[in-house]
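Novice: Shown below is the structure under consideration.
Residue numbers (full-length UniProt numbering): 1 to 229.
This is the structure:
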(Lines of atoms letter the chains of each structure in order from A; the text may use other names.)
(Lines give C-alpha, C1' and ligand atoms only; values in the text may rest on other atoms or scores of the structure.)
Protein backbone atom coordinates (compact mmCIF):
# COMPACT_ATOMS: atom_id res chain seq x y z
CA UNK A 1 0.00 0.00 0.00
CA UNK A 2 1.52 3.32 -1.04
CA UNK A 3 1.66 6.31 1.34
CA UNK A 4 0.96 9.79 0.14
CA UNK A 5 2.87 12.78 1.59
CA UNK A 6 1.21 16.12 1.14
CA UNK A 7 3.67 19.01 0.57
CA UNK A 8 1.40 21.46 2.29
CA UNK A 9 1.49 19.39 5.46
CA UNK A 10 5.33 19.50 5.52
CA UNK A 11 5.40 23.27 5.08
CA UNK A 12 3.00 23.71 7.92
CA UNK A 13 5.04 21.61 10.35
CA UNK A 14 6.66 23.80 13.07
CA UNK A 15 10.49 24.04 13.17
CA UNK A 16 12.13 22.49 16.22
CA UNK A 17 12.73 25.02 19.01
CA UNK A 18 16.31 26.17 19.62
CA UNK A 19 17.49 24.83 22.99
CA UNK A 20 17.82 27.51 25.66
CA UNK A 21 21.29 26.31 26.63
CA UNK A 22 22.45 27.02 23.06
CA UNK A 23 20.94 30.51 23.14
CA UNK A 24 22.64 31.17 26.48
CA UNK A 25 26.03 30.02 25.17
CA UNK A 26 25.71 32.21 22.08
CA UNK A 27 24.79 35.21 24.25
CA UNK A 28 27.77 34.64 26.55
CA UNK A 29 30.09 34.25 23.58
CA UNK A 30 28.84 37.42 21.91
CA UNK A 31 29.20 39.36 25.15
CA UNK A 32 32.77 38.12 25.62
CA UNK A 33 33.65 38.97 22.02
CA UNK A 34 32.24 42.49 22.34
CA UNK A 35 34.09 43.09 25.63
CA UNK A 36 37.37 41.78 24.18
CA UNK A 37 36.98 43.83 21.01
CA UNK A 38 36.20 46.97 23.01
CA UNK A 39 39.24 46.44 25.24
CA UNK A 40 41.49 45.84 22.24
CA UNK A 41 40.22 48.91 20.37
CA UNK A 42 40.65 51.08 23.47
CA UNK A 43 44.24 49.85 23.84
CA UNK A 44 44.86 50.43 20.14
CA UNK A 45 43.67 54.02 20.47
CA UNK A 46 45.75 54.69 23.59
CA UNK A 47 48.89 53.15 22.13
CA UNK A 48 48.82 54.35 18.53
CA UNK A 49 45.98 56.73 17.66
CA UNK A 50 45.53 59.16 20.54
CA UNK A 51 47.35 62.47 19.96
CA UNK A 52 50.30 63.16 22.24
CA UNK A 53 50.15 65.56 25.17
CA UNK A 54 52.26 68.66 25.63
CA UNK A 55 54.40 67.11 28.36
CA UNK A 56 56.38 70.23 29.27
CA UNK A 57 53.27 72.32 29.66
CA UNK A 58 51.30 69.63 31.46
CA UNK A 59 53.96 68.31 33.84
CA UNK A 60 57.22 70.25 33.81
CA UNK A 61 60.43 70.88 31.88
CA UNK A 62 62.54 68.04 33.28
CA UNK A 63 62.19 64.25 33.42
CA UNK A 64 64.11 61.71 35.49
CA UNK A 65 64.62 58.30 33.86
CA UNK A 66 66.18 55.36 35.72
CA UNK A 67 67.74 52.47 33.86
CA UNK A 68 68.27 54.88 30.99
CA UNK A 69 71.26 53.24 29.30
CA UNK A 70 69.55 50.34 27.51
CA UNK A 71 66.27 49.08 26.11
CA UNK A 72 63.06 50.75 27.20
CA UNK A 73 64.80 53.37 29.35
CA UNK A 74 67.03 54.51 26.51
CA UNK A 75 64.09 54.66 24.09
CA UNK A 76 62.00 56.64 26.60
CA UNK A 77 64.84 59.09 27.19
CA UNK A 78 65.27 59.73 23.46
CA UNK A 79 61.53 60.19 22.92
CA UNK A 80 61.18 62.60 25.86
CA UNK A 81 64.11 64.62 24.53
CA UNK A 82 62.46 64.82 21.11
CA UNK A 83 59.31 66.07 22.82
CA UNK A 84 61.22 68.96 24.35
CA UNK A 85 61.99 67.79 27.89
CA UNK A 86 65.36 68.08 29.59
CA UNK A 87 66.66 64.89 31.20
CA UNK A 88 68.25 63.54 34.35
CA UNK A 89 69.47 60.06 33.44
CA UNK A 90 70.18 57.49 36.15
CA UNK A 91 72.30 54.40 35.50
CA UNK A 92 75.06 52.32 37.01
CA UNK A 93 77.50 52.39 34.07
CA UNK A 94 79.25 55.75 33.49
CA UNK A 95 80.37 54.78 29.99
CA UNK A 96 76.87 53.84 28.87
CA UNK A 97 75.44 56.99 30.43
CA UNK A 98 77.91 59.06 28.43
CA UNK A 99 76.93 57.23 25.26
CA UNK A 100 73.22 57.85 25.79
CA UNK A 101 73.93 61.53 26.50
CA UNK A 102 75.61 61.82 23.10
CA UNK A 103 72.64 60.11 21.42
CA UNK A 104 70.18 62.43 23.16
CA UNK A 105 72.09 65.56 22.19
CA UNK A 106 72.32 64.36 18.60
CA UNK A 107 68.57 63.67 18.48
CA UNK A 108 67.57 66.86 20.33
CA UNK A 109 70.36 69.47 20.41
CA UNK A 110 68.37 71.80 22.68
CA UNK A 111 67.98 69.13 25.37
CA UNK A 112 69.91 69.64 28.61
CA UNK A 113 71.14 66.40 30.17
CA UNK A 114 72.37 65.56 33.64
CA UNK A 115 73.53 62.12 34.73
CA UNK A 116 73.63 60.28 38.05
CA UNK A 117 75.74 57.14 38.47
CA UNK A 118 73.73 54.94 40.81
CA UNK A 119 73.59 51.16 41.15
CA UNK A 120 70.06 50.61 42.43
CA UNK A 121 70.93 47.03 43.43
CA UNK A 122 73.77 48.10 45.73
CA UNK A 123 73.36 46.69 49.26
CA UNK A 124 73.65 48.87 52.32
CA UNK A 125 72.44 49.66 55.81
CA UNK A 126 69.42 51.55 54.50
CA UNK A 127 67.24 51.10 57.56
CA UNK A 128 69.24 53.89 59.17
CA UNK A 129 69.88 55.79 55.95
CA UNK A 130 73.59 55.05 55.81
CA UNK A 131 73.86 52.64 52.90
CA UNK A 132 74.74 53.05 49.25
CA UNK A 133 71.06 53.08 48.30
CA UNK A 134 70.46 56.09 50.51
CA UNK A 135 73.54 57.82 49.13
CA UNK A 136 72.36 57.13 45.57
CA UNK A 137 68.92 58.56 46.25
CA UNK A 138 70.60 61.61 47.78
CA UNK A 139 72.63 62.07 44.57
CA UNK A 140 69.43 61.97 42.51
CA UNK A 141 67.81 64.52 44.83
CA UNK A 142 70.86 66.78 44.54
CA UNK A 143 70.85 66.50 40.73
CA UNK A 144 67.25 67.73 40.48
CA UNK A 145 67.49 70.48 43.08
CA UNK A 146 66.06 73.69 41.67
CA UNK A 147 64.72 72.00 38.52
CA UNK A 148 61.11 71.87 37.36
CA UNK A 149 60.87 68.07 37.40
CA UNK A 150 57.53 66.93 36.03
CA UNK A 151 58.12 63.27 35.14
CA UNK A 152 59.75 60.36 36.92
CA UNK A 153 60.11 57.18 34.87
CA UNK A 154 61.03 54.29 37.18
CA UNK A 155 62.28 51.99 34.44
CA UNK A 156 65.22 50.22 36.08
CA UNK A 157 64.45 46.57 36.72
CA UNK A 158 66.15 43.37 37.81
CA UNK A 159 65.31 39.68 37.65
CA UNK A 160 66.98 36.30 38.12
CA UNK A 161 69.82 35.20 35.84
CA UNK A 162 67.91 31.95 35.27
CA UNK A 163 64.64 30.30 36.31
CA UNK A 164 64.62 28.78 39.80
CA UNK A 165 62.26 27.55 42.48
CA UNK A 166 61.60 30.15 45.17
CA UNK A 167 63.58 28.31 47.86
CA UNK A 168 66.55 27.86 45.51
CA UNK A 169 67.05 31.55 44.65
CA UNK A 170 70.18 32.84 46.44
CA UNK A 171 69.50 35.51 49.05
CA UNK A 172 71.73 38.02 47.28
CA UNK A 173 69.71 37.61 44.06
CA UNK A 174 66.17 38.03 45.41
CA UNK A 175 67.30 40.85 47.71
CA UNK A 176 68.75 42.70 44.71
CA UNK A 177 65.49 42.18 42.78
CA UNK A 178 63.53 43.71 45.66
CA UNK A 179 65.94 46.62 46.01
CA UNK A 180 65.80 47.57 42.34
CA UNK A 181 62.15 46.88 41.54
CA UNK A 182 60.55 48.04 44.79
CA UNK A 183 62.79 49.76 47.33
CA UNK A 184 64.83 52.00 45.03
CA UNK A 185 61.83 52.92 42.88
CA UNK A 186 59.86 53.87 45.98
CA UNK A 187 62.72 55.80 47.56
CA UNK A 188 63.37 57.82 44.40
CA UNK A 189 59.66 58.59 44.05
CA UNK A 190 59.55 59.62 47.69
CA UNK A 191 62.42 62.04 47.06
CA UNK A 192 60.82 63.67 44.00
CA UNK A 193 57.06 63.61 44.55
CA UNK A 194 56.89 66.28 47.31
CA UNK A 195 58.10 68.95 44.86
CA UNK A 196 55.53 67.79 42.29
CA UNK A 197 52.78 67.95 44.89
CA UNK A 198 53.85 71.43 45.97
CA UNK A 199 53.49 72.82 42.44
CA UNK A 200 50.31 70.83 41.75
CA UNK A 201 51.51 68.87 38.72
CA UNK A 202 53.72 65.92 37.83
CA UNK A 203 53.56 62.23 37.02
CA UNK A 204 55.31 59.02 38.06
CA UNK A 205 55.55 56.17 35.54
CA UNK A 206 56.46 52.78 37.01
CA UNK A 207 57.40 50.42 34.19
CA UNK A 208 55.86 47.01 34.80
CA UNK A 209 56.21 43.66 33.08
CA UNK A 210 54.21 41.41 30.81
CA UNK A 211 54.54 38.77 33.53
CA UNK A 212 51.72 40.52 35.38
CA UNK A 213 49.22 40.56 32.51
CA UNK A 214 50.16 38.17 29.69
CA UNK A 215 50.17 34.94 31.70
CA UNK A 216 48.14 34.02 34.81
CA UNK A 217 51.36 33.12 36.63
CA UNK A 218 55.10 33.32 36.02
CA UNK A 219 56.51 30.02 37.31
CA UNK A 220 60.08 29.93 38.62
CA UNK A 221 60.24 33.73 38.81
CA UNK A 222 58.04 34.22 41.87
CA UNK A 223 59.85 37.16 43.48
CA UNK A 224 60.27 39.04 40.19
CA UNK A 225 56.62 38.56 39.22
CA UNK A 226 55.51 39.72 42.67
CA UNK A 227 57.55 42.93 42.38
CA UNK A 228 55.99 43.66 38.98
CA UNK A 229 52.37 42.79 39.85
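Ideal Cβ positions, reconstructed from N, Cα and C, are used throughout, including at glycine.
Is there contact here, the segment 93-107 with the segment 144-154, by at least three beta-carbon pairs under 8 Å?
Specialist: These segments do not touch.
Novice: In the DSSP output, which residue or residues are listed as bridge partners for residue 58?
Specialist: Residue 58 is not bridged to any residue.
Novice: Counting only runs that start and end within the segment 19-71, where is the alpha helix (DSSP H) found for 4 or more residues in a row?
Specialist: You should have 20-44 and 55-58.
Novice: Quick check on residue 176: buried or exposed, where buried means 16 or more other Cβ atoms within 10 Å of its Cβ?
Specialist: Answer is buried; the Cβ neighbour count reaches 16.
Novice: Apart from the five residues just before and just after residue 92, which ones in its own chain have a Cβ nearer than 6 Å to its Cβ?
Specialist: Excluding residues within five positions, the ones whose Cβ falls inside 6 Å are 119.
Novice: Below 8 Å between beta carbons: does that hold for residue 151 and residue 205?
Specialist: Going by C-beta atoms, residue 151 is nearer than 8 Å to residue 205.
Novice: Looking at the strands, I want to know which residues DSSP matches up with residue 205.
Specialist: According to DSSP, residue 205 bridges with 153.
Novice: Could you pull out every residue in the same chain whose Cβ sits closer than 7 Å to the Cβ of residue 100, ignoring the five residues on either side in sequence?
Specialist: Here the set comprises 68, 69, 74, 77 and 89.
Novice: The alpha helix (DSSP H) spanning residue 95 covers which residue range?
Specialist: From DSSP, the alpha helix (DSSP H) with residue 95 extends over 94-107.
Novice: If we call anything under 8 Å between Cβ atoms a contact, is residue 116 one with residue 87?
Specialist: In this structure, residue 87 does not lie closer than 8 Å to residue 116 by Cβ.
Novice: Can you find the residues in the same chain that come closer than 6 Å, C-beta to C-beta, to residue 136, ignoring five residues on each side of it along the sequence?
Specialist: If we look at residue 136 and ignore the five residues flanking it on each side, its Cβ neighbours are 118.
Novice: With C-beta atoms as the reference, is residue 163 less than 8 Å away from residue 221?
Specialist: The answer is yes: Cβ separation under 8 Å.
Novice: The beta strand (DSSP E) spanning residue 85 covers which residue range?
Specialist: That residue, residue 85, is in no beta strand (DSSP E); it is neither H nor E in DSSP.
Novice: Does the beta-carbon of residue 63 have 16 or more other beta-carbons within 10 angstroms, so that it is buried, or is it exposed?
Specialist: Residue 63 is buried by the Cβ-count criterion.
Novice: Have a look at 71, 42, 37 and 203 and flag the residue whose alpha-carbon is nearest the alpha-carbon of residue 55.
Specialist: For residue 55, the nearest C-alpha among the options comes from 203.
Novice: Thinking C-alpha only, which one of 111, 208, 42 and 153 is nearest residue 159?
Specialist: The shortest C-alpha separation from residue 159 is found at 208.
Novice: What distance in whole Å lies between the Cβ atoms of residue 114 and residue 201, which are believed to be in contact at a cut-off of 8 Å?
Specialist: With 8 Å as the limit, residue 201 and residue 114 do not qualify as a contact, their Cβ atoms being about 21 Å apart.
Novice: Within 10 Å of its beta-carbon, does residue 85 have 16 or more other beta-carbons around it, so buried, or fewer, so exposed?
Specialist: Counting Cβ neighbours within 10 Å, residue 85 comes out buried, since at least 16 surround it.
Novice: Taking only three categories from DSSP, how would you classify residue 76?
Specialist: The answer is helix: DSSP assigns residue 76 an H, G or I state.
Novice: Spell out the partners DSSP gives residue 116 in its beta bridges.
Specialist: Looking at the DSSP assignment, residue 116 forms a beta bridge with 90.
Novice: Can you tell me whether residue 169 is helix, strand or coil according to DSSP?
Specialist: Residue state, collapsed to three classes: coil.
Novice: Looking at the unbroken alpha helix (DSSP H) that takes in residue 136, where does it start and where does it end?
Specialist: Element bounds for residue 136: 132-143.
Novice: Considering only their Cβ atoms, is the gap separating residue 156 from residue 232 smaller than 8 Å?
Specialist: Outside the modelled stretch of the chain, which goes from 1 to 229, sits residue 232, for which no answer is possible.
Novice: How many whole angstroms separate the CB atoms of residue 81 and residue 107, which I take to be in contact at a CB cut-off of 8 Å?
Specialist: About 6 Å separates the two Cβ atoms, so the contact holds.
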